[in-house]
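See below for the structure under consideration.
In the working numbering, the protein residues as written are 398 to 750.
Right, dumping it as structure tokens:
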């Protein structure tokens, strides 16, 4: 069993084999929330606890899934002495965390993330919720998990798209944090075979552990300073305003959509003279090297551009006619600016050219 990171405001971050997680809940009433595919692989580890199966992927984050979860809570007689553990990716932790927050005004909640996205981003910070009528995270709450259990060995089982959805968040963290972490990711790219033949399966486990540790350090540090996203935490939305709109309107995988969102944010910042071409190109090379898309030709479709622009008006970062838009000014230099949504719409009309 490996070492534990320093506890950070209620989130105890631990690296250990997934099979050892039940040991931490010995003698307690534990409820495990998991999707069907992972239940086959990891369900036997939790044979002493009720296991609640929820849909895989974004389908988990629905009103129907939440209602069915509450039906199971009723059936089992779940009270405030129970603890909820989400095993899986970010959609499972979003749903389980929201359910735990609402049930009887709050149950103890922990995560055992099995994707890179969940380890470096989705399980951290306590933002839980579900989608509603097609809009991502329209219903939600803030409740940080008590413990996050990370087993980096499970990352080798991810397909390239799943890994990409996590690595794009790590690149985002590096752009926010600065040169040291950004250079590490450039070295990790080389460690995995380089830009022409990158494979996350070739990355050394210790390198992956450092990646997770550094991203957790960056995100939890930002969240600690702004737990309810009133100010500084907004920098974590880099690439996500355009990214969420693209994900909604195209069905692209989360990581691919956010990568295109970051490419758009960089292009917008370049158009304003806020970032140098050299630093913008360095970020784009890193994204592309990890197999993420940066080509904006998808926006050549005028109907799609219109739908993406309309989706911006439903973004939770919008305040009136303006968006709290994250501007990259350089590696380690990011700021939030109020940008008229109409200006972003006009920018979309030209960005793809």
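Built from N, CA and C at the ideal position, the CB exists for glycine as well.
Does residue 399 pass the burial test, meaning 16 or more other C-beta atoms within 10 Å, or should it be called exposed? Locating residue 399 in the chain shown gives position 2, where the first residue counts as 1. Residue confidence is low: residue 399 scores 35 on pLDDT, short of 50, so the model does not pin down where it sits. No coordinate-derived value is stated.
Give the list of continuous beta strand (DSSP E) stretches no shorter than 3 residues that lie fully inside the region 498-555. 505-510, 524-529, 532-539 and 544-547
DSSP on residue 402, reduced to helix/strand/coil? Counting from one through the chain shown, the residue named residue 402 turns up at place 5. The predicted position of residue 402 is uncertain, since its pLDDT is 38 and thus under 50; a value taken from the coordinates is nonetheless stated next. Looking at residue 402 - three-state DSSP - the assignment turns out to be coil, as it is neither helix nor strand.
Quick one: which unbroken beta strand (DSSP E) runs of 3-plus residues sit fully inside the region 572-600? Chain order, please. none
What are the residues that DSSP puts in a beta bridge with residue 412? Within the chain shown, residue 412 is the residue found at index 15, counting from 1. In DSSP, residue 412 forms a bridge with 547.
With a threshold of 16 other CB atoms inside 10 Å of the CB of residue 519, please say whether the residue is buried or exposed. Looking up residue 519 in the chain shown gives position 122. Answer is buried; the Cβ neighbour count reaches 16.
Inter-residue spacing [alpha-carbon to alpha-carbon] between residue 676 and residue 666: Numbered from its first residue, the chain shown carries residue 676 at position 279. Numbered from its first residue, the chain shown carries residue 666 at position 269. Going from the Cα of residue 676 to the Cα of residue 666 covers about 11 Å.
Is the beta carbon of residue 722 closer than 7 Å to that of residue 638? Start at 1 with the first residue of the chain shown, and residue 638 comes out as number 241. Start at 1 with the first residue of the chain shown, and residue 722 comes out as number 325. Yes.
Using the beta-carbon count (16 or more within 10 Å), is residue 406 buried or exposed? Position 9 of the chain shown, counting from 1, holds the residue named residue 406. At residue 406 the pLDDT is 47, less than 50, meaning the model places this residue with poor confidence; the figure from the coordinates comes in the next sentence. With fewer than 16 Cβ atoms within 10 Å of its Cβ, residue 406 is classed as exposed.
So, are the CB atoms of residue 562 and residue 514 less than 7 Å apart? As a first step, residue 562 must be located in the chain shown, where it is residue number 165. As a first step, residue 514 must be located in the chain shown, where it is residue number 117. Taking 7 Å as the Cβ cut-off, residue 562 and residue 514 qualify as a contacting pair.
With distance defined between alpha-carbon atoms, name the residue in 733, 674 and 687 nearest to residue 565. To locate residue 565, count along the chain shown from 1; it is residue 168. Taking only the C-alpha atoms, the option nearest residue 565 is 687.
Below 8 Å, can you find three or more Cβ-Cβ pairs linking the region 583-602 to the region 531-543? no
Could you please give me the residues that DSSP links to residue 737 through a beta bridge? The sequence position of residue 737 within the chain shown is 340, counting from 1. BP columns for residue 737 point to 719.
Just reading off the beta strand (DSSP E) that residue 700 is part of, what are its end residues? Residue numbering aside, residue 700 sits at position 303 when the chain shown is read from its first letter. Premise fails: residue 700 lies in the alpha helix (DSSP H), 699-709, not in any beta strand (DSSP E).
Among 452, 501 and 431, which one has its Cα closest to the Cα of residue 482? As a working note, residue 482 is residue 85 in the chain shown. Cα-wise, what sits closest to residue 482 is 431.
Helix or strand or just coil, what does DSSP make of residue 451? The sequence position of residue 451 within the chain shown is 54, counting from 1. In the structure shown, residue 451 sits in coil (DSSP, three-state: anything other than H, G, I, E or B).
Starting from residue 642 and walking both ways along the alpha helix (DSSP H), at which residues does that stretch end? Against the chain shown, residue 642 aligns to sequence position 245. Residues 637-647.
Short of 6 Å in beta carbon distance, which residues of its chain neighbour residue 652, apart from the five on each side in sequence? Order them along the chain. The residue you call residue 652 lines up with position 255 of the chain shown. If we look at residue 652 and ignore the five residues flanking it on each side, its Cβ neighbours are 561, 562 and 565.
Which value, in whole angstroms, describes the spacing of the CA atoms of residue 548 and residue 471? Residue numbering aside, residue 548 sits at position 151 when the chain shown is read from its first letter. Residue numbering aside, residue 471 sits at position 74 when the chain shown is read from its first letter. Roughly 32 Å separates the two Cα atoms.
Is it buried or exposed for residue 550, if we count other Cβ within 10 angstroms and need 16 for buried? Counting from one through the chain shown, the residue named residue 550 turns up at place 153. So residue 550 counts as exposed.
Considering only their Cβ atoms, is the gap separating residue 575 from residue 729 smaller than 7 Å? For this step, residue 729 is matched to residue 332 along the chain shown. For this step, residue 575 is matched to residue 178 along the chain shown. Yes; because the gap between Cβ atoms is below 7 Å, this pair is in contact.
For the beta strand (DSSP E) holding residue 485, just list the boundary residues, first then last. Along the chain shown, one-based indexing puts residue 485 at 88. Residues 480-485.
Endpoints, the alpha helix (DSSP H) within which residue 655 is located: As a working mapping, residue 655 is identified with position 258 in the chain shown. Here the alpha helix (DSSP H) through residue 655 covers 651-668.
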